[in-house]
Ligand code: MRU
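Residue numbers (the working numbering): 1 to 357.
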């Protein structure tokens, strides 16, 4: 890390067009080491997404948009058919990196539409438009997160205790985060929140990333193990839970990091409101219910070996390692979007929202 620069001053995802590089912070090394990766090839970009070097639904979307632009820039073709065929190969490849966060396919589909809508233009002009769109998506992400922060803040009062799970912070987006956006805006305005960050087994995004970025921003943050959320809620220390999401189904069921539905269930037991922060790009009206969301399963070694000096479980043990779970819509007090806070029944509030977009 450069001297005197905090993690908040680094860009989670950036484009270096002169070097044809996608630049991301290697999040697997945080908080110990801040290293910027310069990714050039399809394989490098795919690996960075799969290995969670860049992670969090909105950040994955923007990384994929920059990535596909850079790959399109490198396609050696001037005729549309050849260019588009190769574009789709790259698109399908990047899209296969992770299945649950809808922002990945959402961003890649939006980039594909730039090609198909402009098929009659010279290929170089399409490449230029792809860059313009990817840059706009990053700017939009920042605006959207800030708007989520403003709406989320209306649900809180100064001094509140907030619990969050995983990292839906600046490191998962281009700025502010989603679940952390109300916290950062509140911090700017002297709200003095007390935040509890779940460590988030098995990959520790809460401990390594959320605790790190909130602490670097001067927020009062306390790290807890995942199995302590009932204790802090029963003690009355938590006024609201704020989490992010990877895909919201049309009925309001929500996929987010594994363990989120446990937090939601506990919050219901202790009458703590449970809010999901969701850019509208994460609401997937083509997925009817949570049961239709594909849940990524990841290697056993993430549970048994990673983060330990030596494997901490018996060799050959059977492991179940789903990366996400689905929180049923009846456990969700509100879904905070860039357009406002949506309430149950979500089928109706989504219909009303998308009618005007
Ligand atoms: O596996 P990850 O680290 O990509 O999971 C991230 C989450 O579950 C986040 O809560 C979600 O993507 C929202 S990020 C604003």
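We treat Cβ as the ideally placed atom computed from N, Cα and C, and that holds for glycine.
Give me whichever residues DSSP pairs with residue i in a beta bridge.
i: residue 71; result: Answer is none; residue 71 lacks a bridge partner.
i: residue 37; result: 24
i: residue 277; result: 336
i: residue 283; result: 248
i: residue 242; result: 275
i: residue 297; result: 322
i: residue 256; result: 325
i: residue 14; result: 23
i: residue 200; result: Paired residue(s): none; residue 200 is not in a bridge.
i: residue 341; result: 336
Around the C-beta of residue i, are 16 or more other C-beta atoms found within 10 angstroms, so that it is buried, or is it exposed?
i: residue 242; result: buried
i: residue 137; result: buried
i: residue 106; result: buried
i: residue 69; result: buried
i: residue 71; result: buried
i: residue 132; result: exposed
i: residue 256; result: buried
i: residue 9; result: exposed
i: residue 359; result: Beyond the ends of the chain as shown, which are 1 and 357, falls residue 359; an answer cannot be given.
i: residue 233; result: buried
i: residue 202; result: buried
i: residue 354; result: exposed
i: residue 43; result: exposed
Give the DSSP-derived three-state secondary structure of residue i in the structure shown.
i: residue 193; result: coil
i: residue 328; result: coil
i: residue 207; result: helix
i: residue 322; result: strand
i: residue 97; result: coil
i: residue 160; result: coil
i: residue 262; result: helix
i: residue 79; result: coil
i: residue 60; result: helix
i: residue 45; result: helix
i: residue 178; result: coil
i: residue 223; result: strand
i: residue 54; result: coil
i: residue 121; result: coil
i: residue 167; result: coil
i: residue 30; result: coil
i: residue 86; result: helix
i: residue 6; result: coil
i: residue 356; result: coil
i: residue 304; result: helix
i: residue 268; result: helix
i: residue 91; result: helix
i: residue 289; result: coil
i: residue 106; result: helix
Can you give the beta carbon distance from residue i to residue j, rounded, assuming they're within the 8 Å contact cut?
i: residue 151; j: residue 263; result: Between residue 263 and residue 151 the Cβ distance is about 21 Å, and since that is not below 8 Å, they are no contact.
i: residue 341; j: residue 155; result: 7 Å
i: residue 64; j: residue 108; result: 5 Å
i: residue 15; j: residue 135; result: 7 Å
i: residue 48; j: residue 36; result: Contact flag wrong, Cβ pair sits at about 12 Å.
Three or more C-beta pairs closer than 8 Å, one from the segment 291-299 and one from the segment 89-106: is that the case here? yes
Examine the Cβ distances between the segment 324-340 and the segment 239-254 and report whether three or more of them are shorter than 8 Å. yes
Touch check for the segment 222-241 and the segment 186-197: three-plus C-beta pairs under 8 Å? yes
So, do the segment 275-289 and the segment 168-183 have three or more beta carbon pairs nearer to each other than 8 Å? Three or more Cβ pairs closer than 8 Å define a contact, and the segment 275-289 meets that threshold against the segment 168-183.
Could you tell me whether the segment 179-188 touches the segment 142-151, where touching means 3 or more Cβ pairs closer than 8 Å? yes
Validate contact between the segment 72-80 and the segment 118-129 using beta carbons, cut 8 Å, 3 pairs: Contact check between the segment 72-80 and the segment 118-129: three or more CB pairs, one atom from each, fall below 8 Å, which counts as touching.
Please determine if the segment 83-100 and the segment 111-119 are in contact, where contact requires at least 3 C-beta pairs separated by less than 8 Å. The segment 83-100 vs the segment 111-119: in contact.
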